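Protein chains in written order, with the working numbering: chain S, 1 to 224; chain E, 1001 to 1233. Take a look at the structure set out below.
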Amino acid sequence: MSENYSTGIAGLDAILGELEPGSIMLLTGPPKAGKTVLATEFTYRALQAGNPCLFIAAEYGYRDLQRNTMAFNWFIQSFADKLHVIDLPTGLAGGRPQDSGNVRYSALQNTTDLMVKVGISTRSLYLEEGTMVSVFDSASILLAFNPPKLVMRVLKAYNDRVREAGGIALVVYTEGVAEKDIEDEIPGLFDVHIHMDGSVMSAVRGGEGMEAPYRITDQGVNVG
Amino acid sequence: MIVRVPSGIRGLDELMGGVSIPENTVTLVYGPPKVGKSIFAYGFTAGGAEMDEPCLYISADYGISDLKRNMMVLGMDPESYMEKELLYVIDAISSISGPSRDEGSTYFSSSVHNPTDIMVKLGVAIRNITNRYNMFRSVLDSLTTLMAFNDEMLIVRVLTAYIMRIKEAGGTAMVTYTEGSADPKVETMLKAVVDNIIHLDGSELTVEAMVGTGRFSAPYTIDDSGIRVLHEG
């Protein structure tokens, strides 16, 4: 039985507590509330703690992921062997980006290919390491490229893959981009729901909620 | 370390310590109609051209003649920018009203009805620019007009592709959008996919989000040289 996880972000761990393997977190909030900063800090802290990570870069490509983390002096490149990336949007730039190392390219409009690649990464991380952390930033951009029902199925399948691998995951979603019935249904797919509104972070888990103020500094997300 | 480039907007760079726009990012400039969003984009374009940094301008609101006139009124010299290959224009509107003009190395004719063709021309123009320059700017003015002629979600996809193309080529871009013109869900999506957001309301400029910078506001005016951001106190 694998050990429990923590996010590695001090103030967030204080309101979340430990996370059992298979815990899938949803992170919602309006645009530019700091969701991506939290997601990239979570990735970096996981790698630092020795957990391998599968990062799905959906709203920006691998290059931007590297730059976003470098702006905070989080050098994810030093963990290249433990970081798997599936980059969805870079192919839109017109070239044919070639997979290299653990960085694989897929496409925002090809969710079948995405799920195949998620399956390959989660299985190999599970077999090699027995633990894994995954980040999906963001699931909401998929809604511009695919029908909402398909996006819901992709999220379900992604969550299942992470649970099977005994990992934990953080799925970022920009609120207000889909019809209300879809957005009301999404939190039901997740074990933990974290919300960032620009100044207050709340976390709901098993019906219980906690909240704390936060701000984004040049050190990352400062909660509490 | 965030590298920034001059915005070309008088007062804005000074307010931010000399340079303002994070390099290789995309900035959304939005607000109600007639508050100076296009004028902001002209300032960004001319600011680059004046320091020999070319700009690839996708003009969906104004045909090439109107675009040139609008810039000339502000004391800018679009003719000479184009001659010196410091201004490349994809004109997506002139073809609607008449036969398209001859294309040249810095002028491309496309159509707001055909975003795919705009993206093809974008690819050609980016290649022309990056053959000669390491850094460039780009403007997409405006998303609102593209949305008026196409499905709004299609334009979100086109914008995502535009952003990836500009960023992969090393460019820094600005896109304009008229607040409230699209479905609120689409507007939220636009704000999510860009890096920086600047709001103009006619008298106040607000940096709502910018890589490495907190939110702040400053008053601005528009005079015969364009936008001027004022310093309080």
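The beta carbon of each residue, even a glycine, is placed where N, CA and C say it ideally should be. Please read all numbers here as calculations on a predicted model, not as lab measurements.
Would you identify the three-state DSSP class for residue i, choosing helix, strand or coil?
i: E/Ile1093; result: coil
i: S/Leu12; result: helix
i: E/Val1194; result: coil
i: S/Thr7; result: coil
i: E/Glu1050; result: coil
i: E/Glu1187; result: helix
i: S/Gly119; result: helix
i: E/Glu1179; result: coil
i: S/Glu18; result: coil
i: S/Arg205; result: strand
i: S/Asp197; result: coil
i: S/Met1; result: In this prediction, S/Met1 has a pLDDT of 46, which is less than 50 and means its spatial position is unreliable; what the coordinates show is noted afterwards. Looking at S/Met1 - three-state DSSP - the assignment turns out to be coil, as it is neither helix nor strand.
i: S/Ser78; result: helix
i: E/Asp1141; result: strand
i: E/Ile1002; result: coil
i: E/Leu1154; result: helix
i: E/Val1120; result: helix
i: E/Phe1216; result: strand
i: S/Gly94; result: coil
i: E/Arg1101; result: coil
i: E/Ser1109; result: strand
i: E/Ile1222; result: strand
For residue i, list the residues DSSP reports as bridge partners.
i: S/Phe136; result: S/Ile56, S/Val171
i: S/Ala71; result: Partner(s): none; S/Ala71 has no beta bridge.
i: S/Arg215; result: S/Asn222
i: S/Arg104; result: S/Ile86
i: E/His1199; result: E/Tyr1030, E/Thr1206
i: S/Met152; result: In the DSSP output, where bridge partners are listed per residue, S/Met152 has none listed.
i: E/Ser1038; result: Its beta-bridge partners do not exist; DSSP assigns none.
Tell me whether residue i is buried or exposed, calling it buried when 16 or more other Cβ atoms sit within 10 Å of its Cβ.
i: S/Pro31; result: buried
i: S/Asp181; result: exposed
i: S/Gly176; result: buried
i: S/Leu239; result: This structure does not reach residue 239 of chain S, given that chain S is present from 1 up to 224, and the question cannot be answered.
i: S/Ala178; result: buried
i: S/Ala49; result: exposed
i: E/His1231; result: exposed
i: S/Arg161; result: buried
i: E/Asn1134; result: exposed
i: E/Met1147; result: buried
i: E/Thr1116; result: exposed
i: S/Asp191; result: buried
i: S/Ala14; result: exposed
i: S/Asp137; result: buried
i: E/Asp1183; result: exposed
i: E/Arg1215; result: exposed
i: S/Leu88; result: buried
i: S/Asn68; result: buried
i: E/Lys1037; result: buried
i: S/Ala225; result: The question about residue 225 of chain S has no answer here: the residues shown for chain S are numbered 1 through 224.
i: S/Gly29; result: buried
Please go through the same chain and pick out, in chain order, the residues whose beta-carbon is closer than 6 Å to the beta-carbon of residue i, but skip the five residues on each side of it.
i: E/Met1001; result: none
i: E/Phe1251; result: The structure shown does not extend to residue 1251 of chain E, since chain E is modelled only from 1001 through 1233, so no value can be given for it.
i: S/Gly95; result: none
i: S/Leu54; result: His84, Ser121, Ser134
i: E/Val1194; result: Val1026, Leu1028
i: E/Pro1022; result: Ile1002, Arg1004, Val1211
i: S/Val172; result: Leu27, Lys35, Ala39, Asp137, Ser138
Going along the chain, which residues of its own chain have a beta-carbon closer than 7 Å to the beta-carbon of residue i, five neighbours each way excluded?
i: S/Gly91; result: Pro97, Tyr105, Ala107
i: S/Glu183; result: Glu175
i: S/Met1; result: Low confidence applies here, because S/Met1 scores a pLDDT of 46, under 50, leaving its location unreliable and the question unanswered by this model.
i: S/Leu150; result: Thr111
i: S/Thr7; result: Asp13, Leu16, Phe42, Arg45
So, for residue i: in the same chain, excluding its five sequence neighbours on each side, which residues have a beta-carbon less than 8 Å away from its beta-carbon?
i: E/His1113; result: Ile1096, Phe1149, Asn1150
i: S/Asn4; result: Glu18, Leu19, Glu20, Pro21
i: S/Asp113; result: Ser106, Ala107
i: S/Gly209; result: Ser202, Ala203
i: S/Gln219; result: Phe72
i: E/Ile1163; result: Val1026, Ala1173, Val1193, Val1194
i: S/Met152; result: Ile182, Glu185, Ile186, Leu189
i: E/Ala1125; result: Leu1056, Tyr1088, Ile1090, Phe1108
i: S/Ala165; result: Thr122, Arg123, Leu125, Tyr126, Met132
With a threshold of 7 Å (Cβ to nearest heavy atom), would residue i be considered close to the ligand GTP?
i: S/Ser6; result: Among the components of this structure there are no ligands whatsoever, and the ligand GTP is therefore not found.
Using 8 Å as the cut-off, can you tell me whether the segment 1142-1156 of chain E makes contact with the segment 1059-1073 of chain E, which would need three or more C-beta pairs spanning the two stretches below that distance?
A contact exists between the segment 1142-1156 of chain E and the segment 1059-1073 of chain E.
Taking one C-beta from the segment 1004-1011 of chain E and one from the segment 1085-1104 of chain E each time, how about it: are there three or more such pairs within less than 8 Å?
Between the segment 1004-1011 of chain E and the segment 1085-1104 of chain E there are fewer than three inter-stretch CB-CB distances shorter than 8 Å, so the stretches are not counted as touching.
For the structure I just gave you, are there three or more beta carbon pairs, one from the segment 1020-1033 of chain E and one from the segment 1194-1212 of chain E, closer than 8 Å?
Result yes; three or more Cβ-Cβ pairs closer than 8 Å.
The segment 94-104 of chain S contacting the segment 136-147 of chain S, beta-carbon criterion three pairs below 8 Å
No contact exists between the segment 94-104 of chain S and the segment 136-147 of chain S.
Give a yes or no on contact between the segment 58-77 of chain S and the segment 13-27 of chain S, applying the rule of three or more CB pairs nearer than 8 Å.
No: fewer than three Cβ pairs fall under 8 Å.
Three or more C-beta pairs closer than 8 Å, one from the segment 1202-1220 of chain E and one from the segment 1044-1052 of chain E: is that the case here?
Result no; under three Cβ-Cβ pairs closer than 8 Å.
Could you say if the segment 1016-1028 of chain E and the segment 1175-1184 of chain E meet the contact criterion of at least three C-beta pairs nearer than 8 Å?
By the C-beta criterion, the segment 1016-1028 of chain E is judged to be in contact with the segment 1175-1184 of chain E, since at least 3 inter-stretch pairs fall below 8 Å.
Do the segment 1177-1194 of chain E and the segment 184-200 of chain S make contact, defined as three or more Cβ pairs closer than 8 Å?
With a cut-off of 8 Å, the segment 184-200 of chain S and the segment 1177-1194 of chain E do not count as touching, because too few Cβ pairs lie within range.
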